[in-house]
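Structure first, commentary second.
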Amino acid sequence: MSTQETINWAAKAVEITFPTQAIINGKSVDSVSGKTATVFNPATGKALAQVADCTPDDADIAVGYARASYESGVWSQQSPQARKKVLLRWVELIEEHADELALLESLNAGKPISDTCNVDIPGAITTLRWTAEAIDKVYDEIAPTAPNTLALINRMPLGIVLAIVPWNFPLSTTAWKLAPSLATGNSVILKPDPKTPFTALRIAQLAIEAGLPDGVLQVLPGDGANLGKHLSLHPDIDGQTFTGSTAVGKLLTEYSAKSNLKRTFLELGGKSANIVFADADLDKAAEMAAVAGFYNSGQTCTAGTRLLIEESIYDEFLEKVAHYTRQWVPADPLDPGSNMGPVIDQRQLDTIQSYIKIGLEEGARLLCGGNVVASEQGGFFHEPTVFADVNNDMRIAREEIFGPVVSAIPFKDVDDAIRIANDSPYGLAGAVWSRNINTAHKVAAAVRTGTMGVNNYFGGDITVPFGGFKESGNGRDKSLHAMHDYTELKTIWIELD
Ligand code: NAD
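Sequential numbering of the sequence shown, starting at 888, is according to the working numbering.
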């Protein structure tokens, strides 16, 4: 039995302290207005804490400190080794507080405690450590110019980076943004989603304890339409990095154009195709089709929400999918045996229910699920749901539902599978299941998407880039490629005597 299974998480939850203040210039502070917003537990619908609700006034103060810290060189001009030392100390502190962070994330986002213990917190630690360790091992370039010139191609920090992150993977996305932006010497303003501010605030407190200089990292909890928009329009912010919906990603691009053309990197929505051929290991593919659809209650941008199945095995395969779907049972996230928590709030539950109705009206067949469940405690739980007999023109196949709903679509052959997979405004993830390497590779290469699994789903780690094609975005998180989004290339051309 692992340690996390022996911990009484419910008892710990009663005693936990929630970080409730913003972080500005190395200090925990209330918002200027003194206003707070209530943060809820999606598993119970009950309030967890009142958290600083920052406004444009706080934003302007935070940007001022970020600019001052950047210009002072206290971080931006430090040697990579010195920055690495602080970042690695920070990682140690995060590791020491792993249980606390896992509990905060579970209470706040409704994620099963086994996921936060085994995936979210270790993932964030790996991201920060791997990136910190890389920074004194990455070299700049010297161009192949004539002997009487020396052309240096350097990577310079952008300056002030704005990071806006969502509620579905609050700590993971925070780590993906903070690791490369801080490692490359920027000063950062982080705006978590107002529904899920706790782990971002807590790790920022630990960053200060680790010795990150004042003003290098500010965390401002607050809404998008007011605070987020103001920051994104801010003329003294040099770059913005975002994970969230495609609609808001388009707004940020517009705000950049209307202000100072701040560099804009976006990780957006998806409607990924999980493509199963008749010659695949069908049991494994069916088991993973359920994982791809229902992990994190389907609130995963990379979810395999379009399940494309070769016609000849359509019914047989769907029986297997139904079997594995029954293994996903919405339950108390603090139970270490739980694999599926609630969705984030009533609004998300309503959205999912409206798509169930739309799917039925469009003529799709409900193979399993479709209902709100376990609502007695006030939580927002939804059954894992599979629609059969879907065609790719239906709204449930085109629009991101962001809940545990999979749409099963039949296809004829390789070309048909590729055509359907690519018939989407999105291009974030996906997978192909086949024992034939020619089929698998042809499909994997042809689907226009940022990540494609072959005989797996959700594959990848910190060593590989993550991001989207088309309306799924343009930036890349993770790997050394992420550094690109937080730096400018600068040429220094030296004429020699
Ligand atoms: P959202 O876009 O509404 O919110 C994301 C963040 O943007 C929040 O912090 C929010 O406060 C902020 N925001 C909202 N309006 C803003 C505005 N006008 N200006 C500035 N900031 C604003 O998305 P969500 O509902 O929180 O998250 C779900 C969506 O995110 C889904 O569509 C999902 O696919 C996508 N997502 C994508 C990835 C990825 O890596 N590609 C990862 C996670 C989630």
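Yeah, the Cβ is synthetic: ideal placement off N, Cα and C, and Gly gets one too. From a predicted model like this one, the values you see are computed outputs, not experimental measurements.
A direct Cα-to-Cα measurement between V973 and K1171 gives close to 43 angstroms.
A check of alpha carbon separations from G1180 across F1345, L991, G1354, T904 identifies F1345 as the nearest. Judged by DSSP in its simplified three-state form, C1004 adopts helix.
Take Q964, set aside five residues on each side of it, and no residue of its chain has a beta-carbon closer than 6 angstroms to its own. In this chain, the beta strand (DSSP E) harbouring A1038 covers 1036-1044. Beta-bridge pairing by DSSP links H1269 to V1259.
CA-CA distance, D1364 to T1060, rounds to 9 angstroms. The beta carbon of H1210 sits closer than 8 angstroms to the beta carbons of A1173 from its chain, once the five residues preceding and following it are set aside; these are given in chain order. DSSP, reduced to helix, strand and coil, places S1159 outside both helices and strands of the structure shown, so it counts as coil. By a beta-carbon distance limit of 8 angstroms, L990 contacts I903. Their separation comes to about 6 angstroms.
G1250 and T1013 have their C-alpha atoms roughly 45 angstroms apart. DSSP links P1297 through a beta bridge to I1196. Annotated three-state conformation of Q937 is strand, per DSSP.
Approximately 6 angstroms separates the beta-carbon atoms of T942 and S918; this is inside 8 angstroms, confirming the contact.
Taking non-hydrogen atoms of the ligand NAD into account, the C-beta of K1064 is found less than 8 angstroms away from none of them.
For R1363, there is no enclosing beta strand (DSSP E), as DSSP marks it with neither H nor E.
Here A909 really is in contact with V1106; their C-beta atoms are around 6 angstroms apart, less than 8 angstroms. Remark: the C-beta of V1319 is outside contact range of the ligand NAD, defined as less than 8 angstroms to any heavy atom. The C-beta distance from I1008 to P1223 rounds to 14 angstroms, too long to fall under 8 angstroms, and the pair is not in contact. Looking at R1089, T1071, G1072, D1302, the one whose alpha-carbon comes closest to that of P1079 is R1089.
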